[in-house]
């Protein structure tokens with residue numbers, strides 16, 4: 025069997041991580057022959073909740089999960105990691121724009137970027153999920169100076185999935201029948217979902233199949249742009265299950 029991958033998840037006591045950790049540990053992401061070590065990072069006040077997450081992971085009795093470590097220390101969490109999934113960030117609440125989160129999150133990702141730079145493997149891959157994801161990713165890469173910039177990415181797949189699902193629902197087809205949706209711009213309400221080059225599974229044009237430019241240039245775009253806010257308004261928390269799916 026392969027050597028275990030060391031995978032760190034920040035914000036590990038939060039809702040996205042709660043939906044994500046099982047998928048990572050059971051083999052859905054890295055394959056069913058790849059053991060992993062999960063390192064769970066959160067702030068000190070969340071350590072009690074994180075103990076509960078540890079118990080649940082242990083109770084799953086997953087054969088690929090070789091070890092689980094919980095910590096509030098970024099230098100412990102990032103030590104020799106192969107992958108860091110940066111879920112933890114100042115949470116977005118109803119009525120907040122992603123730019124409102126900027127000031128607090130710059131400090132968080134500065135501290136974590138410096139720790140990553142100091143103790144992680146130099147070929148570590150980093151996925152930033154916490155919003156504003158694009159800016160947080162930039163800040164972290166700036167402070168992790170010794171890690172190649174191409175090793176950092178931020179999560180736009182959730183927006184792509186949302187756009188794909190809207191097209192599929194409009195055409196009453198399976199989500200997997202819709203291909204090549206593009207998201208331009210920032211992960212925010214200014215993003216631009218673009219179906220211009222999208223294709224159906226049979227190769228036909230999505231725009232021709234939809235045959236409604238008013239919808240494609242209006243409701244389709246605004247629905248995707250505002251989907252995160254709509255989820256918060258409905259459940260009083262930001263997207264969790266769909267975000268975890270996008271990460272995987």
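Residue numbers (the working numbering): 25 to 272. Glycine is no exception: its CB is placed at the ideal position from the N, C-alpha and C atoms. Since we're looking at a predicted model, the values are computed, not measured.
| Check | Outcome |
| --- | --- |
| Which residue spans inside the segment 41-111 form an unbroken alpha helix (DSSP H) run of at least 4? | 71-83 and 98-101 |
| What number of angstroms, rounded off, separates the C-alpha of residue 214 from the C-alpha of residue 85? | 43 Å |
| Would you list the residues sitting across from residue 186 in a DSSP beta bridge? | Answer is none; residue 186 lacks a bridge partner. |
| In terms of residue numbering, what span does the beta strand (DSSP E) encompassing residue 177 cover? | 176-178 |
| Determine the direct distance from the alpha carbon of residue 78 to that of residue 140, and round the result to whole angstroms. | 23 Å |
| May I ask you to list the residues that DSSP assigns as paired with residue 207? | 217 |
| Could you check how far apart the C-beta atoms of residue 222 and residue 202 are, in whole angstroms? I think they sit under 8 Å. | 6 Å |
| With a CB to CB cut of under 6 Å and the five nearest residues on each side skipped, what residues in its chain are close to residue 24? | Absent from the structure is residue 24, since the part of the chain shown begins at 25 and ends at 272. |
| Taking the CB atoms as reference points, tell me whether residue 189 and residue 47 lie closer together than 9 Å. | no |
| Using the Cβ count rule (16 or more neighbours within 10 Å means buried), how would you classify residue 182? | buried |
| For my contact list, residue 205 and residue 187 are in at a C-beta cut-off of 8 Å; report their separation, rounded to the angstrom. | 5 Å |
| Going by other Cβ atoms of all chains shown within 10 Å of its Cβ, with 16 needed for buried, is residue 217 buried or exposed? | buried |
| Would you list the one or two residues that DSSP bridges to residue 223? | 203 and 229 |
| If you reduce the DSSP assignment to three classes, tell me which class residue 161 lands in. | helix |
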